[in-house]
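Structure, as structure tokens:
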Amino acid sequence: MKVQPFFHVETGSLTYVVSDSGFALIVDPVLDYKDGNITYTHVDSVLDYIKRKGLDLRFVLETHIHADHLSASQYIKNVTGAKTVISEKIKEVFSQWKTKLNLKNVANFDFFVDGHSKIPFGSKVIEVIETPGHTPACITYKIDNHAFVGDTLFAPDKGTSRADFPGGSATALFHSIKKLYQLPRETYVYLCHDYPPLGTAPTTRVKLDWQKRRNVMLSQNTSLSEYVFTRDRRDKSLKEPRLLNVAIPFNLTFRLPGNS
Numbered sequence: 000m001k002v003q004p005f006f007h008v009e010t011g012s013l014t015y016v017v018s019d020s021g022f023a024l025i026v027d028p029v030l031d032y033k034d035g036n037i038t039y040t041h042v043d044s045v046l047d048y049i050k051r052k053g054l055d056l057r058f059v060l061e062t063h064i065h066a067d068h069l070s071a072s073q074y075i076k077n078v079t080g081a082k083t084v085i086s087e088k089i090k091e092v093f094s095q096w097k098t099k100l101n102l103k104n105v106a107n108f109d110f111f112v113d114g115h116s117k118i119p120f121g122s123k124v125i126e127v128i129e130t131p132g133h134t135p136a137c138i139t140y141k142i143d144n145h146a147f148v149g150d151t152l153f154a155p156d157k158g159t160s161r162a163d164f165p166g167g168s169a170t171a172l173f174h175s176i177k178k179l180y181q182l183p184r185e186t187y188v189y190l191c192h193d194y195p196p197l198g199t200a201p202t203t204r205v206k207l208d209w210q211k212r213r214n215v216m217l218s219q220n221t222s223l224s225e226y227v228f229t230r231d232r233r234d235k236s237l238k239e240p241r242l243l244n245v246a247i248p249f250n251l252t253f254r255l256p257g258n259s
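In numbering that gives the first Met the number 0, the protein residues as written are 0 to 259.
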């Protein structure tokens with residue numbers, strides 16, 4: 000099995016192409032968006048890679064509803080026919096944002112999964128681990144010793160995701176991360192974001208054992224009360240993501256705000 004990362008500099012987002020036995024899947028693809036206009040340069044580079052390698056694209060996996068970039072899931076589905084996958088709790092996230100953002104109908108994903116779901120992929124099986132806290136619909140996809148955690152964990156020197164969005168919970172996030180910390184120590188944790196200095200390569204993956212020992216917000220020795228206090232204090236200092244009022248409605252409905 001091979002994992003190929005793609006970094007979207009404008010949003011600090013990481014997309015992954017996972018391939019096995021001639022098949023491929025994409026985790027958390029990103030659209031280019033500026034001044035109200037969507038373009039496809041970045042996601043097309045991902046699709047070009049898959050084409051060059053002669054891979055059969057089967058799935059597009061979303062780890063959660065992103066607040067800082069527009070998802071390319073529907074675009075990829077329209078172009079390739081790949082099936083889209085997301086947590087069944089997207090419906091809960093939709094209900095929390097529906098009135099606030101004047102939303103109508105949730106997007107039509109192909110598969111809604113939960114912690115009991117297992118998806119055949121090549122010679123592998125994709126396991127789904129529910130990891131709520133950042134949002135109620137956050138999930139981790141585990142394939143052998145590779146775990147795609149979305150925003151749940153960042154690089155150890157940056158900590159964890161925020162928990163102050165509607166439906167977010169620092170307590171739930173603590174328990175989700177502790178659940179991940181029970182995975183085998185050699186597990187690779189693939190990050191959804193990194194923000195390196197200009198010209199520096201992003202951190203794409205970290206060994207789980209290193210996360211447990213070095214994560215500045217939640218190490219293996221951090222108590223629930225310590226983490227909740229630190230996370231809540233940090234969240235109070237954070238600004239709203241720049242694209243939130245575009246990204247949330249688009250990623251829930253695949254329509255730009257104002258386009259019904």
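Note that beta-carbon positions come from the ideal geometry of N, C-alpha and C, so glycine has one too.
- Query: For residue 88, which three-state DSSP category applies?
  - Reply: coil
- Message: Once the 5 residues before and after residue 69 are set aside, which same chain residues still bring their CB inside 8 Å of it?
- Response: 29, 30, 32, 37, 242, 245, 246, 249 and 250
- Indicate whether residue 127 and residue 113 have their beta-carbon atoms separated by less than 8 Å. The Cβ atoms of residue 127 and residue 113 lie closer than 8 Å to each other.
- Message: Tell me which residue opens and which closes the beta strand (DSSP E) that residue 184 is part of.
- Response: Run containing residue 184: none; DSSP gives neither H nor E here.
- Query: Between which two residues does the alpha helix (DSSP H) harbouring residue 245 extend?
  - Reply: 243 to 252 is the extent of the alpha helix (DSSP H) around residue 245.
- Message: Taking the alpha carbon of residue 122 as the reference point, which residue from 256, 253, 252 and 0 has its own alpha carbon closest?
- Response: Per the Cα distances, 0.
- Item | residue 101, buried or exposed, once every other Cβ within 10 Å from all chains shown has been counted against 16 | exposed
- Message: For a test of the three-state rule: what should DSSP assign to residue 77, helix, strand or coil?
- Response: helix
- Query: For residue 19, which residues does DSSP report across the bridge?
  - Reply: 22
- In the DSSP assignment, find the unbroken beta strand (DSSP E) run with residue 6 in it and report its ends. 1 to 7
- Query: Along the chain, where does the alpha helix (DSSP H) that runs through residue 229 open and close?
  - Reply: 223 to 235
- Task: Quick one: using the 10 Å Cβ neighbour count with 16 as the cut-off for buried, is residue 129 buried or exposed?
- Result: buried
- Taking residue 151 as the reference, give the member of 157, 124, 14 and 172 with the closest Cα. 172
- Tell whether a beta-carbon distance below 8 Å holds between residue 92 and residue 72. no
- Task: For my contact list, residue 179 and residue 146 are in at a C-beta cut-off of 8 Å; report their separation, rounded to the angstrom.
- Result: 7 Å
- Message: Taking a contact to mean a Cβ-Cβ separation below 8 Å, would you say residue 83 touches residue 109 in this structure?
- Response: yes
- Query: residue 161 bridges to which residues according to DSSP?
  - Reply: Per DSSP, residue 161 has no beta bridge partner at all.
- Item | Alpha-carbon to alpha-carbon, residue 50 and residue 80 | 14 Å
- In three-state DSSP terms, what is residue 148? coil
- Message: Please state the DSSP three-state secondary structure of residue 68.
- Response: Note: residue 68 maps to coil in three-state DSSP.
- Using a beta-carbon distance below 8 Å, is residue 57 in contact with chain C? No chain C is present in this structure, which holds just one protein chain.
- Query: Beta-carbon separation of residue 136 and residue 86 under 8 Å?
  - Reply: In this structure, residue 86 lies closer than 8 Å to residue 136 by Cβ.
- Item | Whole-angstrom distance between residue 94 and residue 208, CA atom to CA atom | 37 Å
- Just how far apart, CA to CA, sit residue 170 and residue 52? 43 Å
- For the putative contact between residue 174 and residue 12, defined by C-beta atoms under 8 Å, what is the C-beta separation to the nearest angstrom? About 26 Å separates the two Cβ atoms, so there is no contact after all.
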